[in-house]
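Structure record follows, encoded as structure tokens.
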Amino acid sequence: MFLYTFIFLVLGFSYAAAQADSSRRDSVGRYEAETVIVERDRDKHLVTPLVLNVDLRETEQIAASSSLSQVLPLLHSSFDVRSYGTLGGISLPTFRGLPSEYINVYRNGIRLTNAQHSLTDLERYTSRASSKVSILSSTESAAYTSGVAGASVLIESMPALNDRIYTAGVALQSYEMRALNDKEYYLRVQESLGAFGVNFSGSYRTADGAFPFYQRTTRSTIERENNDAYLAMMEIEPTYEISEDSRIRGLATYSQAERGVPGANTVDFRGASNPNTRQYDEDWLTGLFYQSKVSDDFYHEASASYQSQYETYRDHVRNIDDAYKNRIAAVAYRASIFSASALSFFGDLGYERDMLTSNQHEAAGDVFRDQYYLSTAAKYLFSEDLGVSGSLRIENVSDFDELQLLPAASLSYTYDELTLSASFGTFYHAPTFNQLYWRLGGDSTLQPEKGESYEVRASYPWRLGANSSLTAHIAGFFTDIRDQIIWTLGSGGYSIPVQMQRVQTRGVEVDIRFAHNFESGDAASLRLASTFLDKVNLVESSHYYGKELPYSAPIRLHGILSYEWKEALTLTSIFWHRAQRYSDFANNPSGKLPSVTSIDFHLRMAPVQFSGIALVPQISLINATNAQYEDVLSYPLPGRIFKLSVDFTYEPYLP
């Protein structure tokens with residue numbers, strides 16, 4: 000009842016204030032986009048095309064969330080997230096049906112992906128302190144990051160040098176309006192003092208994790224248990240402008256989370272094997288960057304970073320007490336050179352040391368890995384319509400003596416407004432610490448995974464009159480992986496890593512976007528995006544021949560329909576569908592997850608300004624169809640969710 004009352008009071012006040020203040024709506028409307036798209040100097044010099052480069056503030060509003068597990072799937076139809084429960088579970092990204100180990104996530108060039116198991120838990124990261132994200136597919140990431148078969152996700156933040164913004168907010172969630180199950184409080188500050196600026200973001204989120212879930216086996220509804228959690232995060236980014244063309248930037252982040260971990264189910268879909276099962280994570284990261292534009296023809300950047308990734312998993316009833324601590328130190332130097340108007344060069348030189356301390360690994364003491372790399376790329380424009388680029392990444396991982404040469408190339412052509420491109424890339428993925436040295440099932444004889452990836456793309460924008468536009472993108476891709484490492488059940492009753500001979504994936508991506516501006520000032524937009532995966536094959540293996548990769552749905556699509564009433568509010572509807580998929584390599588029918596279709600609604604009021612403060616409330620109905628489904632076998636997700644969030648922002652005048 001409290002939640003209902005709070006929603007009606009906020010919306011009623013906001014609507015009344017909006018009507019009374021409609022004469023100032025244009026200025027306030029510009030404020031709503033805390034969203035200034037910032038082009039960093041380095042972005043302008045990238046020689047590899049970006050799959051995606053979007054403003055995160057805008058996407059946050061669409062998703063009604065700043066969690067990367069909610070934001071990133073809206074950006075690309077092939078980008079999926081496997082969620083193990085609510086806030087109490089992890090969220091692992093996948094791209095084009097490939098395992099989560101094939102995605103690397105970077106923050107301002109610093110790798111966040113865990114070195115122990117090559118996984119990134121997106122539930123622990125937000126986009127609130129960031130401004131932009133780029134998704135580089137495997138053919139495009141070789142010159143910029145370590146080549147991977149899936150994708151590299153680059154999350155960037157803009158330096159705080161020109162604006163002063165203070166934002167505080169609260170977000171409340173309820174499952175079936177039973178209680179306030181999930182609460183989040185957050186603060187964001189952007190402060191500028193002459194040549195010095197700082198971005199700060201902090202949040203605290205807590206959830207009881209209990210939600211009703213329908214059991215198909217018993218045809219009854221039970222309460223999901225032992226998924227309670229808290230998550231605290233803090234990020235600070237200072238910037239000092241040395242001159243108009245050079246600056247020093249810093250980055251410091253800290254996060255802490257404790258979560259109930261559903262494990263072996265005592266009752267179908269019931270929860271953990273005992274209520275004492277807990278997972279605790281504590282991460283911190285520091286980084287320092289020097290960026291300088293020496294001239295119009297030369298830009299460079301040097302960086303150093305250190306991070307600690309600590310994780311424990313305890314289940315005293317089952318006598319489990321695992322502890323892991325990853326420490327990652329890295330230095331890098333990047334440069335862009337323009338020798339002529341048609342020719343550009345990009346170089347990237349770096350060193351990284353990964354150090355793992357664990358009570359669950361065979362190696363005595365710490366496990367170390369040193370990685371050296373040198374990337375170089377060049378782009379040449381034969382004309383304004385035709386360009387070609389090539390790159391070579393040279394890489395060495397200390398566990399393996401073989402020096403890796405990873406070439407990539409792309410060709411782009413524009414005719415009228417039709418853009419065509421084709422690209423080729425190679426990748427190399429060393430076995431993780433867990434795969435090599437885990438005490439129970441590690442195999443130190445495992446070899447690195449290697450392969451190639453190919454893509455073709457086409458895009459065309461149509462102008463449908465003065466106020467309408469339509470853009471269509473289509474892409475085809477093919478990936479060939481040799482010596483892929485998978486986890487399968489061993490004779491001891493626990494999972495062990497084994498090496499497959501070959502994996503191939505292929506598919507088509509389609510993205511269509513329509514926008515229309517009405518004479519009244521209202522605006523509407525529609526986006527339809529889908530990915531069609533051909534049967535993902537494991538070939539040259541008698542046991543898994545012709546089987547689909549786990550969690551690789553053959554069809555995934557989503558649509559985003561938004562209508563903005565200039566004087567009042569914005570209504571956004573998100574439709575998404577995922578076809579049925581298997582949860583194991585053998586494609587057992589008992590582990591097949593059914594298809595799921597759902598729809599979300601988000602109603603966002605236009606910002607209302609009073610006494611220098613802008614108030615922006617938003618209410619959401621998530622999973623309106625009350626779909627009962629799982630992203631991962633035996634980890635059910637909640638059905639219908641009601642959410643209310645309110646932002647209070649103050650932006651003082653800068654003389």
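For the sequence shown, counting from 1, position 398 maps to 397 in numbering that gives the first Met the number 0; every step adds exactly one. Ideal placement from N, C-alpha and C gives every residue a C-beta, glycine not left out.
Can you tell me which residues form a DSSP beta bridge with residue i?
i, result
"Ala-376", "Phe-345 and Ser-390"
"Val-293", "Answer is none; Val-293 lacks a bridge partner."
"Glu-183", "Ala-170 and Arg-204"
"Tyr-279", "Glu-257 and Thr-311"
"Trp-486", "Pro-496"
"Thr-252", "Glu-234 and Leu-284"
"Ala-408", "Gly-389 and Phe-423"
"Asn-198", "Gln-189 and Glu-236"
"Pro-593", "None, per the DSSP bridge assignment."
"Thr-470", "Pro-460 and Arg-512"
Whole angstroms are fine: how far does the CA of residue j sit from the CA of residue i?
i, j, result
"Glu-234", "Leu-86", "20 Å"
"Arg-41", "Ser-335", "Confidence in Arg-41 is poor, its pLDDT being 33 and thus under 50, which makes the residue's placement unreliable; the coordinate value appears in the next sentence. Looking at the two C-alpha atoms, the distance is approximately 8 Å."
"His-515", "Lys-324", "52 Å"
"Ala-148", "Thr-238", "35 Å"
"Arg-462", "Arg-512", "12 Å"
"Tyr-298", "Gln-290", "8 Å"
"Ala-567", "Gln-617", "12 Å"
"Asn-318", "Ala-256", "22 Å"
"Tyr-550", "Leu-67", "20 Å"
"Arg-106", "Glu-155", "6 Å"
"Leu-74", "Glu-508", "13 Å"
"Thr-112", "Ile-327", "10 Å"
"Thr-93", "Val-70", "14 Å"
"Ala-32", "Ala-474", "Residue placement at Ala-32 cannot be trusted, given a pLDDT of 24 that sits under 50; what the coordinates show is reported in the next sentence. Between Ala-32 and Ala-474, the C-alpha separation is close to 31 Å."
"Leu-342", "Ala-408", "15 Å"
"Glu-351", "Glu-454", "30 Å"
"Tyr-414", "Gly-168", "47 Å"
"Phe-139", "Ala-150", "According to the sequence displayed, residue 139 carries Glu and not Phe. Roughly 9 Å separates the two Cα atoms."
"Gly-491", "Val-316", "20 Å"
"Asp-244", "Asp-384", "31 Å"
"Glu-477", "Gly-440", "Note that residue 477 is Phe in the sequence shown here, rather than Glu. Straight-line Cα distance between these residues: approximately 32 Å."
"His-331", "Ile-554", "At residue 331 the sequence reads Ala, which differs from the His that was named. Computed Cα separation, rounded: 39 Å."
"Arg-590", "Pro-98", "The question names Arg, but residue 590 in the sequence shown is Gly. One C-alpha to the other measures close to 17 Å."
"Gly-389", "Gly-611", "51 Å"
"Leu-570", "Thr-624", "18 Å"
"Ala-303", "Ile-102", "22 Å"
"Ala-376", "Leu-391", "6 Å"
"Asp-533", "Tyr-634", "27 Å"
From what residue to what residue does the alpha helix (DSSP H) around residue i run?
i, result
"Val-147", "No alpha helix (DSSP H) contains Val-147, which DSSP labels as neither H nor E."
"Phe-432", "432 to 436"
Just to confirm my understanding: we take residue i, look at its own chain, exclude 5 residues before and 5 after, and list those with CB closer than 6 Å. What are they?
i, result
"Ser-200", "Arg-127, Ala-128, Arg-187 and Glu-234"
"Asn-395", "Tyr-371 and Leu-402"
"Pro-588", "none"
"Asp-347", "Arg-333 and Ser-374"
"Arg-481", "Lys-449, Gly-450 and Arg-501"
"Asp-599", "Ile-573 and Ile-621"
"Tyr-543", "Leu-537 and Phe-584"
"Ala-322", "Thr-311 and Asn-358"
"Leu-527", "Ile-511 and Gly-558"
"Leu-230", "Arg-204 and Ala-256"
"Leu-417", "Tyr-459"
"His-576", "Leu-556 and Thr-596"
What are the start and end residues of the beta strand (DSSP E) that includes residue i?
i, result
"Val-631", "629 to 631"
"Val-645", "640 to 649"
"Gln-69", "Note, Gln-69: premise wrong, no beta strand (DSSP E); alpha helix (DSSP H) at 67 to 70."
"Phe-609", "607 to 609"
"Gln-617", "612 to 621"
"Pro-637", "Per DSSP, Pro-637 belongs to no beta strand (DSSP E) and is neither H nor E."
"Trp-575", "568 to 577"
"Thr-93", "90 to 94"
"Phe-399", "Note, Phe-399: premise wrong, no beta strand (DSSP E); not H, not E."
For residue i, which residues of its own chain have a beta-carbon under 7 Å away from its beta-carbon, when the five flanking residues on both sides are left out?
i, result
"Ser-116", "According to the sequence provided, residue 116 is His. The question's Ser does not apply to it. The answer, listed in chain order, is Thr-431 and Asn-433."
"Gly-386", "Lys-378, Tyr-379, Leu-380 and Ser-411"
"Pro-637", "Thr-85, Tyr-174 and Phe-210"
"Tyr-427", "Gly-146, Glu-394, Gln-403, Leu-405, Pro-447 and Lys-449"
"Asn-586", "Lys-546 and Glu-547"
"Ser-82", "Ser-68, Gly-88, Ser-90, Asp-630 and Leu-636"
Hey, does residue i have any beta-carbon neighbour from chain D nearer than 8 Å?
i, result
"Asn-107", "The structure shown has no chain D; it contains just one protein chain."
Excluding the 5 residues flanking residue i on each side, which residues of the same chain have their C-beta closer than 8 Å to its C-beta?
i, result
"Glu-518", "Asn-466"
Secondary structure, beta strand (DSSP E): runs of 3+ residues fully inside the region 501 to 528: With a minimum length of 3 residues, the unbroken runs of beta strand (DSSP E) contained wholly in the region 501 to 528 fall at 501 to 516.
Minimum length 4: unbroken alpha helix (DSSP H) runs contained in the region 299 to 334: None, since the region 299 to 334 contains no complete alpha helix (DSSP H) of that length.
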